[in-house]
Structures are given as structure tokens and as C-alpha cells.
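Residue numbers (our numbering): 1050 to 1307. Presented below is the structure to which this report refers.
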Ligand SMILES: C[S@@+](CC[C@H](N)C(=O)[O-])C[C@H]1O[C@@H](n2cnc3c(N)ncnc32)[C@H](O)[C@@H]1O
């Protein structure tokens, strides 16, 4: 690529630039390895823009079908909602009474609102779905429509990212805060990534290594959750190719009101 320059004036002195500048020669080309590293750094929160091209594209997502009895007719908060695919399906396929999706990536929240706009234009019932942009691991109390009490809070394929980007203490604090905002008798739905999966993420994104080395808690965080007052009421393994993760249902006991 060549950019042509010319003559311009600086403090009344004519300055003549070379006729052309070889721009590409001045920007060293990146190797595919370097490009890959940049890509992984840009997605260090799991904020992939095309997540549902490598995850199941079924509508509704099979994870939600399995969760039907937990979410139907309930106020549901979807933490780490990405581009809102599941968040919208909670309303369109499972009649959740209100749904809010939260993500820290502004581009993904914009994509989620665009998906809502398209759904509305097709006559789908998604008026009760909103999205909020903030970092739910470091924001308290939750903002906007995400504020208040919830019947169900979902953490699907997101805990690894907030854990790697923060610390054990932040994760423990989050579970504690979620216990406070889930109504007694309500649920926390957890799809934790396993420990080998953390290692793969760190290999791809070396800037996470320092935090990773300090982590002592391990998924699926059973002891931490039990100590926090949660009660494990259900759970199952899943065989989605490349995402063989368990789903665990934790309940805030009905007598857990404080
Ligand atoms: C791998 S995607 C999972 C999307 C969806 N939950 C699912 O399972 O299909 C994780 C999403 O969580 C978001 N995320 C990660 N850490 C977050 C945080 N601390 N606060 C808000 N969003 C976060 C990322 O931006 C990303 O969109």
C-alpha cells in the first residue's frame, strides 16, 4: 500500500514530503502466531464475538431445554450473556417472566440489543428482556434492570473467565453476593469449566498466567458454595462436543432468609 504525500506549510515554510511512502514497509507484518496471541488477548474475558459458531447453534440451546423446570415463569438473570442468544431464548421458549443479560463487552451488548430488535420485528415476545453492560464480578450492587432480587441466576461457561481475570477472593465474594440477591428458594445455575480448560486458556493468553498461578480454588467449587449456605439440588454431565461440562443446580434454601 502506498500513501501519496505532497507539499504543505509549517510556520510559513514549504515542506515537501517524498512523493510516496511505502506504508507496509514501515509496519512490520505480524506472524500468524503473533496475530493469534493478539486475538486471544482481545478475548481474555471469553468475550468471543462468534461464540455460537463454535458452540451449539440449536434453538433453543440444549442447556436451556435441560433447565426448563428451573427457569419457566421465573425472573432470570443471565450473567455473562455474550450476544444474548440464550437470554432471548429464555423469554421466547421458556416463558421466563423477566430476563436480564449482563456482559462487560459493549460490542456484545450492542449485538444483544440488535438481536432483540430483530426478534421484536419478527413478532417474538421479548419485551421483557433487557441487557446491561458491566463487570458483574466487580460491581455491587448490580446496575439498572439487573438490580434487585432474582429467582434464578445463571453462570454458564463464564466462571473460568472471571476467576482467571480476578482472584479466588473475588469469586468467593461473588458467590456470597449472589446468595444475597437470589430469593429464598431460588437457584444458581452453574456450568463451570474444568481445571484443564483453565490451563488451555492460560496457554493461549499468557497475560492471565500471573493470576492463574495464585488460584487455589478449583472448579466445581462445591466446598465454597456449601460454606456459603448454598444447597446442591441437581446436576448432570453433558456431552456437547468440545464442551463436555457439567451443569450444577444450587439452591438458596427457602429458610435461608437473613
Ligand atoms: C464464553 S461466553 C459464555 C456465554 C453464555 N453464558 C453461554 O454459555 O452461552 C462468556 C461471556 O461472559 C462475559 N464475561 C466474562 N467475565 C465477565 C464479567 N466479569 N462481567 C460481565 N461479563 C463477563 C464475556 O464477555 C462473554 O461474553
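Backbone N, C-alpha and C fix where the C-beta goes; we use that ideal spot for every residue, glycine too. For clarity, every value in this text was computed on a predicted model and none was experimentally measured.
Residue i to residue j span [Cα, whole Å]
i            : j            : result
residue 1111 : residue 1139 : 12 angstroms
residue 1181 : residue 1080 : 37 angstroms
residue 1196 : residue 1127 : 13 angstroms
residue 1249 : residue 1129 : 20 angstroms
residue 1169 : residue 1276 : 43 angstroms
residue 1272 : residue 1078 : 49 angstroms
residue 1217 : residue 1269 : 13 angstroms
residue 1051 : residue 1109 : Confidence is the limiting factor: at residue 1051 the pLDDT is only 37, short of 50, which leaves the residue's position unreliable and the question unanswerable from this model.
residue 1226 : residue 1208 : 15 angstroms
residue 1194 : residue 1247 : 31 angstroms
residue 1162 : residue 1192 : 17 angstroms
residue 1084 : residue 1090 : 10 angstroms
residue 1187 : residue 1219 : 8 angstroms
residue 1253 : residue 1267 : 20 angstroms
residue 1155 : residue 1088 : 17 angstroms
Secondary structure of residue i, DSSP reduced to three states
i            : result
residue 1189 : coil
residue 1235 : strand
residue 1300 : strand
residue 1147 : strand
residue 1057 : Reliability fails at residue 1057, whose pLDDT of 48 lies under 50, so the model's placement of it is uncertain and the value that follows must be treated cautiously. Here residue 1057 sits in strand by DSSP.
residue 1282 : strand
residue 1127 : strand
residue 1271 : helix
residue 1307 : For residue 1307, the predicted model reports a pLDDT of 47, less than 50, meaning its position is unreliable; a value from the coordinates is still stated below. Coil.
residue 1201 : strand
residue 1179 : strand
residue 1152 : strand
residue 1090 : helix
Identity of the residue in the options nearest residue i by Cα
i            : options                   : result
residue 1106 : 1132, 1177, 1091 and 1250 : 1132
residue 1174 : 1241, 1146 and 1161       : 1146
residue 1244 : 1231, 1210, 1232 and 1204 : 1210
residue 998  : 1184, 1108, 1190 and 1192 : Because residue 998 is not part of the residues shown, which for the chain are 1050 to 1307, the question remains open.
residue 1153 : 1122, 1098, 1288 and 1229 : 1098
residue 1278 : 1290, 1297 and 1303       : 1303
residue 1096 : 1224, 1143, 1159 and 1190 : 1159
residue 1223 : 1102, 1189 and 1261       : 1189
residue 1117 : 1203, 1229 and 1251       : 1203
residue 1291 : 1239, 1101 and 1094       : 1101
residue 1179 : 1148, 1240 and 1234       : 1148
residue 1198 : 1113, 1177, 1119 and 1123 : 1123
residue 1287 : 1082, 1239 and 1261       : 1239
residue 1141 : 1176, 1157 and 1231       : 1176
residue 1150 : 1285, 1134 and 1293       : 1134
Check your understanding: Residues with a Cβ closer than 5 angstroms to any heavy atom of ligand 1, in chain order?
Key -> Ordered along the chain, the selected set is 1094, 1095, 1096, 1129, 1131, 1152, 1153, 1154, 1184, 1185, 1186, 1205, 1206, 1207, 1210 and 1211.
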